[in-house]
Amino acid sequence: MRLRAIAVATLLLDGCRDPRPAPSPAAAPTVVDAPLEPWSEPWLAEEGRRYLDEPAHRRRSLEASLTSPDNSYSRQRLDHYALSATGWDLLPVWNPRSVPLSDDTVTSLDSTAPLWDGVRPTTLAGWVALGRTVFFRYPLREDPFVEHALRRPELARAIGLVRAPDRTIPGAVRFRDVDGESKVGITCALCHADVHHGTLVVGPARRSFDYGRMRLAYHADTGAPVDPELARRMATWGPGRADVTEDLDEDPVAIPDLWGLRDQQYLTQAGTIRHVGPAALAIRQETQLLHSNHERVRPPRELAWALAMYLYSLRAPARPAGDPALVARGQRLFDEHCRECHSNAAGGGPLVAAGRVGTHPALATGHGRGTGRYRPPALLDVGAAGPYLHDGSLATLADLFSTARFSPVYRGVNGVGAVHGHRWGTDWGDADRAAMLAWLRAR
Ligand code: HEC
Ligand code: HEC
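When you read off a place in the sequence shown, starting at 1, and then add 2, the result is the number in our numbering.
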C-alpha cells in the first residue's frame with residue numbers, strides 16, 4: 003500500500019497546533035512508501051536534520067514545547083531563541099577545548115583538539131557517542147566552588163565529588179574559557195552520573211552531591227562575601243537537591259534520574275517543557291548550555307542534538323525481580339489506583355494540578371518554571387530513587403506510602419514537620435501496601 007507522506011514528525015511536532023491551512027491538492031506532499039516509524043533511526047535522522055537545518059522548525063518546536071509561556075524560563079526563550087536576525091542565533095558558536103580532570107594525568111589544553119571535529123555523525127550510534135563526550139566534557143561554566151573543593155580531598159569526598167575507576171572526576175573538567183583562560187568547569191556528569199560500587203553509571207541522580215554545602219565551604223574558606231539569605235537557603239538544600247530556578251522563590255528540587263525520558267510527555271518536575279519531540283529536548287540542552295555560559299556563546303547545535311540522542315539512550319539498571327505473586331498483586335493494585343496518572347510506559351504521565359497532588363506547591367507556582375502542575379515522574383528503578391517527590395522531602399518509599407508523614411512530629415529530610423500530599427496508597431492495609439512496594443521496586 004502506498005501512503006501519503008505527511009511526515010509523522012510534522013504531525014507529532016506541530017499536530018493540530020499548526021495554524022497553516024491544509025495543503026491544497028495542487029500542493030500535495032510527495033508520496034513515499036510509508037511514513038517513518040517514530041523513534042526509528044531514519045525518523046530520528048529526519049528529526050535531527052530539521053532541527054539542525056530549519057530555523058522555522060526550531061522556532062515552531064520551541065513555541066510548541068513551552069507549557070506556560072508566561073514563566074521566566076519561557077519568556078527568556080521566546081525573546082531570544084531562533085529569531086535569525088536577532089537574539090541567541092547571533093552568538094558565536096563555541097566548540098571548546100576541554101579535558102577531564104584527573105588525579106594523576108595532566109593533559110595540556112593546547113595539545114587537545116576542540117571537543118568536536120566538526121563532522122556530523124551519520125549514524126545514531128555516532129550521535130550517541132558524540133553525546134557522551136558532550137555530557138562528560140562540554141563545560142556548563144567555570145566553577146570556582148568545585149575547583150576549591152577539589153583542593154580539599156576530605157571536603158570533596160563529603161560533598162560527593164567522586165572518582166571514577168579511571169581516576170577522573172566525572173563532572174569536572176579543565177577547559178579553555180571564552181576569554182582564553184584555563185579554568186575548572188562543570189558538566190552534566192556532575193549531577194547526572196555517579197559511581198556505584200566502583201562502577202561509573204550515567205543517568206542516576208548523584209544523590210551524594212551537596213551543592214549548597216560546597217558553595218558555603220568556599221565562602222567560609224576564602225572569605226568571599228555571600229548574601230546571608232542565600233547562605234541560609236543553601237544550608238537547607240542537603241545532598242541531591244539544588245535550587246535551579248533563578249527566582250526568589252524557595253524551591254529546591256531533587257536531581258531527577260534520567261530514565262525513560264523518551265516516554266515522558268513533559269520534561270522537568272513541574273512540566274515546564276512539553277516534550278513534543280526530540281527537538282524539544284535538543285532545544286532544552288542548547289539553551290541550557292548557552293544560558294549557563296552566560297549567553298556569551300552558543301554550542302554547535304550538533305552537540306545539543308547529540309546530547310539529546312545520548313539522553314534517550316540511557317537505560318535504568320536491572321532490578322531484582324521480587325516475589326512473582328506479590329509483584330503481580332502489586333501490579334493489579336497499581337493498574338487500578340495509580341495508572342490513571344502514572345500512565346505511560348515509563349510510569350510517568352501528563353501533568354496534574356498541583357492542588358490535586360497536594361505536595362509542596364512552591365515549584366509548581368514559582369515564577370521561574372512554574373506551570374501550576376506537577377508531572378508524575380518515571381517509575382523506573384524507583385526503589386533506588388530516594389529522596390522522593392520533586393523536592394526530595396521523603397527519604398524512603400515506605401515513608402511516601404505511610405500516614406506517619408502527615409503528623410506534625412514526623413522527622414523527614416527537611417527536619418520535623420508533616421509532609422503533605424500524594425495521599426494515594428497511604429490508607430491501604432499492610433498486605434496491599436507490601437505488594438505495591440514489591441511491584442514498584444521490581445520496576
Ligand atoms: C548542578 C546539577 C545539575 C547539572 C550540572 C545538570 N543538571 Fe540536569 N537537572 C538538575 C536538576 C536539579 C533537575 C530538575 C529540574 C526540574 O525538575 O525543574 C535537572 C533536570 C534535568 C532534565 C529533565 C529531567 C526530567 O525528569 O524531565 C534533563 C533532561 C537534564 N537535567 C539533563 C541535563 C544535562 C544534559 C546536563 C548538562 C548539559 C545537565 N542536566 C546538567 C541538576 C543538574
Ligand atoms: C492524581 C494523579 C496521581 C495518582 C492517582 C498517583 N500519583 Fe504518584 N505521583 C503523581 C505526581 C504528580 C507525582 C509527583 C509529585 C511531586 O513530586 O510533588 C507523583 C509521584 C509519585 C512517586 C514519587 C517518585 C519519585 O521518584 O519521587 C511515586 C513512587 C508514586 N507517585 C507512586 C504512585 C503510586 C504507587 C500510586 C497509586 C497508589 C500513585 N503514585 C498515584 C501523580 C499521581
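Every residue, glycine too, gets a C-beta built ideally from N, C-alpha and C.
Because the structure is a prediction, the values reported are computed rather than measured.
Burial check for residue 113: the Cβ neighbour count within 10 Å stays below 16, so the residue is exposed. In the DSSP secondary-structure assignment, residue 213 is not bridged to any residue. Looking only at 395, 312, 116, the smallest Cα-Cα distance to residue 238 is reached by 395. CA-CA distance, residue 140 to residue 180, rounds to 13 Å. If the five residues before and after residue 96 are omitted, its C-beta is found closer than 6 Å to the C-beta atoms of 299, all from its own chain and listed in chain order. Under DSSP, residue 198 forms a beta bridge with 201. One Cα belongs to residue 336, the other to residue 440, and the distance between them is close to 11 Å. When secondary structure is reduced to three states using DSSP, residue 53 falls in the helix class. When secondary structure is reduced to three states using DSSP, residue 294 falls in the helix class. Bounds of any beta strand (DSSP E) do not take in residue 305; it lies within the alpha helix (DSSP H) bounded by 303–315. In terms of CA proximity to residue 73, 375 leads the group 187, 436, 375. For residue 195, the distance from the CB to the nearest heavy atom of ligand 1 is not below 6 Å.
Sequence-distant partners of residue 70 (beyond 5 residues in either direction) whose C-beta falls short of 8 Å from its own C-beta, in its chain, are 76, 274, 372, 373, 374.
Approximately 5 Å separates the beta-carbon atoms of residue 67 and residue 278; this is inside 8 Å, confirming the contact. The straight-line gap separating the alpha-carbon atoms of residue 404 and residue 428 is approximately 5 Å. Beta-bridge pairing by DSSP links residue 355 to 375. Secondary structure of residue 144 (DSSP, three-state): strand. Pairing residue 99 with residue 431, the inter-Cα distance amounts to about 58 Å. Residues 45 of the same chain have their beta carbon placed closer than 7 Å to that of residue 39, with the five preceding and five following residues left out of the count.
Rounded to the nearest angstrom, the gap between the Cα atoms of residue 231 and residue 398 is 30 Å. Within the model, the alpha-carbon separation for residue 207 versus residue 135 is close to 19 Å. For residue 204, the closest of 172, 214, 125 by C-alpha to C-alpha distance is 172.
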